[in-house]
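Be aware that the sequence shown starts at 777, since it is given in this note's numbering, and climbs by one per residue. Backbone N, C-alpha and C define an ideal beta-carbon position, used for all residues, glycine too.
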Amino acid sequence: MRNIAFFLLGVLPLFSACSSPSGGMLASFVDLSSELAQEGGGHARQNRVISVPGLLPPPAVGFLYRFNGKRGPTSMIGLSPCPDSFYITTTIRSKASQKDLQAAQRSFVEMRTKALAAIQAQLDLARLHHKTPMDPGAYAIAEKEAKDRVRSFDLAYNQTLRLINGSGILIYRWTSKRDAGGGAQLGARLFGLGKEKSRTTSGFAFLAGLRTSTLYVGSDIRGKWNWLHGGDRPRDLRLVTHLRQSRDILYMSDSELASALSLRLKASYNELSKGAALRDLDKIEINAILMKVENVSNAGWIGPVERQMLPAPWNGNITENLVTIMQDCESWNTFYFVDVQLGDLQKLFKK
């Protein structure tokens, strides 16, 4: 049972493109900014938040946020120190072209294909190791084949890292669940293999350039949109508080191929497990391959950032603000946002 668990823990991130049940479509990307620890009690409670790629909303000390610590850092709502609302954009430039994205995708697919070949060769070698009678010639050929495939994988792995780090490309895994009787469901239902009648689509996205925007709301929001009537569905009136955008996005789906390959390797593994044919050395070699692929499956280069503060759309000259915002967002594609119920946000401020 331990061997099977070992195999599943290693293979599922590679073939199913899943990461953590704490998120949904962008779990692997967002979870890197979700390391949270709460300390203290009473009036001295503190949060420690860590972001591996450095994508947390606060640009400096002294900024006030509404954040209960039970959600991810992107759910933080900034509070303006004055009545005027504004937002801050953090832009990370990338010199990657569309051709660079395509080259990174091809290299990534080649790396994963060679990883599968290397793992299969390792399993084939383990099968021959316990075959009776032992055929020394066949074993020597299989051993050389396994070493060659691991070496070929390592070269593809290094090439993929060079393409990513050299041009500022970001990669994240995505997973989307679709029920048999309806469309994709947002929230927690997006994640996981789902029930028998559901279908999971998964894959990877390649980003060139990254921009995040965070709202800092002031008391000027209190009287905005008062001409709207929420009616029986006030929760439908929502305000975007955080955005993530990219200049160019190249994405791919691999769920069907991944599922077939996963089943094939699991069958080979189960066969070897019954006869205890899989040695610790084989496990170490397979795990090393899986760890490298996992590292590249959520990787990127984050360089110097540019920050800009702009007034909220409703602050001051609304027409000028909207024109400025549209120009500022030109050529940027939104792939992730966080919103909040408008009424709840307005209740934060005293009348």
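Local Cβ density within 10 Å of residue i, reported as buried at 16 or more and exposed below that
i, result
"F884", "buried"
"Q1021", "buried"
"F1111", "buried"
"G942", "exposed"
"R949", "buried"
"A872", "buried"
"V1099", "exposed"
"D1012", "exposed"
"N1091", "buried"
"M852", "buried"
Three-state secondary structure (DSSP) of residue i
i, result
"S851", "helix"
"D930", "helix"
"H906", "coil"
"S757", "No information on residue 757 is available, as it lies outside the stretch 777 to 1127 that the chain covers here."
"G913", "helix"
"L832", "coil"
"A984", "strand"
"G979", "strand"
"S943", "helix"
"R821", "coil"
Straight-line Cα distance separating residue j from residue i
i, j, result
"E886", "L931", "10 Å"
"A1064", "T936", "17 Å"
"K846", "H906", "51 Å"
"P1080", "I868", "6 Å"
"L899", "K1059", "9 Å"
"I1062", "V1116", "44 Å"
"A891", "S978", "18 Å"
"P849", "D1030", "29 Å"
"Q1122", "V825", "26 Å"
"L1133", "T889", "Beyond the ends of the chain as shown, which are 777 and 1127, falls residue 1133; an answer cannot be given."
Check whether residue i and residue j have beta carbons under 7 Å apart
i, j, result
"F1113", "V1016", "yes"
"G893", "V926", "The residue asked about is misnamed: residue 893 is Ala in this sequence, not Gly. No."
"D1104", "D996", "no"
"L1026", "F982", "yes"
"I864", "T990", "yes"
"S1107", "R987", "no"
"E921", "A902", "no"
"L939", "A879", "yes"
"R998", "F1125", "yes"
"Y933", "K1068", "yes"
Closer than 7 Å to chain D by CB, residue i
i, result
"F884", "Looking at the structure shown, chain D is missing, and only one protein chain is on hand."
Suppose only complete runs of 4+ residues qualify. What are the alpha helix (DSSP H) ranges in the region 1060 to 1123, listed by chain order? 1094 to 1104, 1118 to 1122
For the region 993 to 1026, which segments carrying the beta strand (DSSP E) assignment without a break, of at least 3 residues, lie completely within its bounds, in sequence order? 1014 to 1022
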